[in-house]
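Peer 1: Mind looking over this structure? Questions follow.
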Amino acid sequence: MSRILTRIARVAVYLIAFVVPPVLISVFGVRAAQADRYEPPPAERSAQVTPPAHDPAKPTAVVLLNHGGTEVTDALAPFQVFVESGAFNVYLAAPTKRRATLSGGLDVLPQFSLADLDRRLGGRSPDVVVVPAMWRVGSDGQRPVADWLRKHASGIGTLMSVCDGAEVLADAGLLDGRRATASWANLPKWKKRYPDTQWVQGSRYVQDGTVLTSAGVTSGVVAALHVVRERLGEPAATALSERIGYPDTRLGDEPRIPVDTLSPADRALYVLRAAWTPNKPRIGVVVTEGASEIELASAFDAYPGPSFTSRTTSLGSSPVRSAHGLTFVPRYTVENAPELDRLVVPGREVPPDVRAWAEDSGVRPHYVHVGTTGFPFDATLRDLAEHENVPLARFNARLLEYPTGHLSFTGPGWPVLPLVALVAVGLLGLGTVGALDVVIRRRRKQ
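Numbering of the sequence shown is given in the UniProt record's numbering, commencing with residue 1 and proceeding in unit increments.
In structure tokens, the structure reads:
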């Protein structure tokens, strides 16, 4: 009996030695990759922003930012939709006016601090408030946003979350007893953490009274168009939808989308890319004067993406104004940029001075949107498939909840080297324990 138990114990030790090292590296690697998406700027660069004029005849839409990190498309896509509608005063606001970090290494200057916004509106609540996904919800740095939301919740006409911005609302107690949705990949987690909310799967957005929650990342485009439809009517919202070009143009009540779940292959791809791909491409994204907010977001979200495909950072010679008046502060110039593997220049129209600047960078620039049509994510996802691999591009699109039925992807297949590295570490652990086992057994015999 003792021999049997000894053999079972030996097998268990060998199994642990094979499994534990890869698991530990995977856990720490995924956490490091998640934090890297919201890495703060290396140094402050001075810049000023002038708050836009206020038209008291128009309702006000506010997109909130968190200084600790905000999902880039969650914030910028609704901002562009509301500005292009022409029906709103549209502002970007954060706890203070210092620059705020968006995912992927893009920094933007808020147009108002929350206190300045309250003064601009004379203490009234905005008509529409957009809450993107934020990094480290519940932390001290994020608390001013939650406090401001609780203060104004009863007076906001439409409180809209994008993707896991629903977590921000739930953590503030603003989804208790309500129907809501969020990113499909995290819905199981929110169901456990916030059981007082009725979480809904398979809807592009969910309306419960004054609270409008939308599904993953790019779903915020359709949710914002839904708000425009309520203000301006169906024809105006449809025309705006066609001009923006998002593939899902349905603006009815809670449009249905496929119910998605994480398969074992998805989890493997996620972990392999996050923790087992040490030499991820370093991509410099040139922040182009006059580029649309969605064009910029499509680069900073598709390439690093929610599955950590690459490491991106922003490049530019000085603070840059986007097509609709936001001020972005690039992290590097050509002279002090880190070593780059690729240089991506967003925007369908690239100014000549930006082209000249990019050509002098020493890395061949890729003008990802020039000559393309359709929604900006079409071009960046196709480029991702070509330069990385097709499974990764498709998985990123799913995590972004971006419809790809109209797209065809060409590029490499499943990545093999990260899987080889994972197995090699497991075998190394197994070999180490095996060698120790041999030594111990020899000493016992002696």
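The beta carbon of each residue, even a glycine, is placed where N, CA and C say it ideally should be.
Owing to the predicted nature of the structure, the values given are computational and were not obtained by experimental measurement.
Quick check on this structure: which residue in 79, 41, 109 and 89 has the alpha carbon closest to the alpha carbon of residue 328?
Peer 2: Nearest C-alpha to residue 328: 109.
Peer 1: Are three or more beta carbon pairs between the stretch 316-336 and the stretch 364-378 nearer than 8 Å?
Peer 2: The stretch 316-336 vs the stretch 364-378: no contact.
Peer 1: According to the Cβ coordinates, are residue 410 and residue 385 closer than 8 Å?
Peer 2: Taking 8 Å as the Cβ cut-off, residue 410 and residue 385 qualify as a contacting pair.
Peer 1: Distance check for residue 351 and residue 95, CA to CA, integer angstroms please.
Peer 2: Those two C-alpha atoms are separated by around 34 Å.
Peer 1: Starting from residue 89, trace the beta strand (DSSP E) in both directions and tell me its first and last residue.
Peer 2: Start and end: 89-94.
Peer 1: Looking only at its own chain, which residues have a Cβ that is under 8 Å from the Cβ of residue 180, when we skip the five neighbours before and after it?
Peer 2: These residues qualify, in order along the chain: 161, 166, 169, 170, 197, 198, 199, 200, 206, 208, 211 and 213.
Peer 1: Quick check on residue 364: buried or exposed, where buried means 16 or more other Cβ atoms within 10 Å of its Cβ?
Peer 2: Flag for residue 364 reads exposed.
Peer 1: Kindly indicate which three-state DSSP category residue 395 falls into: helix, strand or coil?
Peer 2: Looking at residue 395 - three-state DSSP - the assignment turns out to be helix.
Peer 1: Which of the three DSSP states, helix, strand or coil, is assigned to residue 353?
Peer 2: Reduced to three states, the DSSP call for residue 353 is helix.
Peer 1: Comparing C-alpha positions only, which one of 441, 424 and 439 sits nearest to residue 25?
Peer 2: Considering only alpha carbons, the answer is 424.
Peer 1: Residue 310: which of 373, 130, 343 and 182 sits nearest, CA to CA?
Peer 2: Nearest option by C-alpha distance: 343.
Peer 1: Quick one, which of 432, 316, 42 and 150 has its alpha-carbon nearest residue 335's?
Peer 2: Here the closest residue by C-alpha is 316.
Peer 1: Leaving out five residues before and five after residue 62 in sequence, what residues of the same chain have Cβ atoms less than 6 Å from its Cβ?
Peer 2: So the qualifying residues of the chain are 91, 93, 126 and 129.
Peer 1: Closer than 8 Å is the cut-off here; do at least three beta carbon pairs connect the stretch 260-278 with the stretch 286-300?
Peer 2: As far as the Cβ criterion goes, the stretch 260-278 does not touch the stretch 286-300, which means the pair count is below three.
Peer 1: Counting only C-beta atoms, is residue 60 closer than 8 Å to chain B at any point?
Peer 2: Considering every chain present, this structure includes no chain B. It has just one protein chain.
Peer 1: Could you have a look at residue 376 and say whether DSSP puts it in helix, strand or coil?
Peer 2: Residue 376: helix per DSSP, three-state reduction.
Peer 1: With DSSP run on the structure shown, which of helix, strand or coil describes residue 424?
Peer 2: Residue state, collapsed to three classes: helix.
Peer 1: What's the call for residue 280, buried or exposed, on a 16-neighbour Cβ count within 10 Å?
Peer 2: Classification for residue 280: buried.
Peer 1: Exposed or buried, what is residue 54 when buried is set at 16 or more other beta-carbons lying within 10 Å of its beta-carbon?
Peer 2: So residue 54 counts as exposed.
Peer 1: With a threshold of 6 Å on Cβ separation, who are the neighbours of residue 305 within its own chain once the five nearest residues in sequence on each side are excluded?
Peer 2: The answer, listed in chain order, is 396.
Peer 1: Span of the beta strand (DSSP E) holding residue 161?
Peer 2: Here the beta strand (DSSP E) through residue 161 covers 158-161.
Peer 1: Express the C-alpha separation of residue 251 and residue 226 in angstroms, rounding to a whole number.
Peer 2: Each residue's alpha carbon lies about 6 Å from the other.
Peer 1: What's the gap between the Cα of residue 346 and the Cα of residue 85?
Peer 2: Approximately 23 Å between the Cα atoms of the pair.
Peer 1: With a 10 Å radius around its C-beta and 16 neighbouring C-beta atoms as the bar for buried, classify residue 82 as buried or exposed.
Peer 2: Looking at its Cβ environment, which holds 16 or more other Cβ atoms inside 10 Å, residue 82 is buried.
Peer 1: Using the beta-carbon count (16 or more within 10 Å), is residue 241 buried or exposed?
Peer 2: Counting Cβ neighbours within 10 Å, residue 241 comes out buried, since at least 16 surround it.
Peer 1: Please report the straight-line C-alpha distance between residue 80 and residue 428, rounded to a whole angstrom.
Peer 2: The alpha-carbon atoms of residue 80 and residue 428 are separated by roughly 51 Å.
Peer 1: What does DSSP give as the partner residues of residue 61 in its beta bridges?
Peer 2: For residue 61, which the question treats as bridged, DSSP gives the partners 90 and 128.
Peer 1: Can you look up residue 107 in the DSSP assignment and give me helix, strand or coil?
Peer 2: Residue 107 falls in the strand class under three-state DSSP.
Peer 1: Starting from residue 447 and walking both ways along the beta strand (DSSP E), at which residues does that stretch end?
Peer 2: Here the chain comprises residues numbered 1 to 446, so residue 447 is not present and cannot be evaluated.
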